[in-house]
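Residue numbers (my numbering), protein chains in the order written: chain A, 519 to 634; chain B, 120 to 228.
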């Protein structure tokens, strides 16, 4: 059973470009979460999505950041007009739909975004 | 929001030593997870432990929810245990995990 998959693993963008990060949840998982880890810091929650719905985006910056989880295909985190401060590791996690496991989250390997 | 504090922030051990990492949280939680972030940056699930005690090999964890803390025990440490250990909690009504700032462990041969 494949784990959470993220691509690309490393992404370099120049200031002002767009970054698109992809996440495929574990098989059978329908809940996806995105977290950001700045250098030497812990992870910070950004957004929680179910298929075709954003459930909680309280951690998303108000501008330039958006997320989606379409009916078909991976979840996408999109950052428009990147700035140097966006350089970070972006982690995706998924959890099963059942409450029996307390919605335990499993993390992907992360995408390391570098803005030059 | 909920506060999560981990101690110690840094820990250096000799191979074979035992250690205890602590996680305190400021409010009631219904999910607590421990993770190991290895030197390559990958997050590995160690325990899902909202209450009680669990053991997995040389690692064990205990959460005392009523007193708002959790402990992670590492016995007979190995160099491969090096990395950062994170505690993360979830409060009722939300799915987001709130992470502590981690304990950075270095195990020396």
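Think of the CB as a built atom: it goes at the ideal place given N, C-alpha and C, for glycine as much as any other residue.
In its own chain, which residues sit with a C-beta less than 7 Å from the C-beta of residue 605 of chain A, not counting the 5 before and 5 after it? The residue given as residue 605 of chain A occupies position 87 in the first chain. Excluding residues within five positions, the ones whose Cβ falls inside 7 Å are 631, 632 and 633.
For the region 146-172 of chain B, which residues have a beta carbon sitting closer than 7 Å to at least one beta carbon of chain A? 149, 150, 152, 160, 161, 162, 164, 167 and 169
Within 10 angstroms of the Cβ of residue 520 of chain A, are there 16 or more other Cβ atoms? Answer buried if so, exposed if not. The residue given as residue 520 of chain A occupies position 2 in the first chain. That one is exposed.
Run down chain A in chain order and give the residues with a C-beta less than 8 Å from the C-beta of residue 189 of chain B. Here residue 189 of chain B refers to the residue found at position 70 of the second chain. Those within 8 Å of residue 189 of chain B in chain A number zero; the least Cβ separation is about 14 Å.
So, with DSSP's three-state summary, where would you put residue 180 of chain B? Against the second chain, residue 180 of chain B aligns to sequence position 61. The answer is strand: DSSP assigns residue 180 of chain B an E or B state.
Rounded to whole angstroms, what's the CA-CA distance from residue 122 of chain B to residue 562 of chain A? Just pull it up for me. Counting from 1 along the second chain, the entry for residue 122 of chain B is found at position 3. Counting from 1 along the first chain, the entry for residue 562 of chain A is found at position 44. Roughly 12 Å separates the two Cα atoms.
Paired residues, beta bridge with residue 192 of chain B - DSSP: Walking along the second chain from the start, residue 192 of chain B turns up at place 73. The partner list for residue 192 of chain B (beta bridge, DSSP) reads B/139 and B/179.
Give me the DSSP bridge partner(s) of residue 549 of chain A. Position 31 of the first chain, counting from 1, holds the residue named residue 549 of chain A. A/568 and A/613, per the DSSP bridge assignment.
Closer than 8 Å at the beta carbon, the chain A residues around residue 211 of chain B: Here residue 211 of chain B is taken as the residue at index 92 of the second chain, counted from 1. Correct list: empty, because the minimum Cβ distance to chain A is about 11 Å.
Beta-carbon separation of residue 180 of chain B and residue 162 of chain B under 8 Å? As a position in the second chain, residue 180 of chain B is number 61, starting the count at 1. As a position in the second chain, residue 162 of chain B is number 43, starting the count at 1. No, Cβ-Cβ distance for residue 180 of chain B and residue 162 of chain B is not below 8 Å.
Using a cut-off of 9 Å between C-beta atoms, extract the partners of residue 566 of chain A located in chain B. Translated into positions along the first chain, residue 566 of chain A becomes position 48. The CB of residue 566 of chain A comes closer than 9 Å to the CB of 213, 214 and 215 in chain B, given here in chain order.
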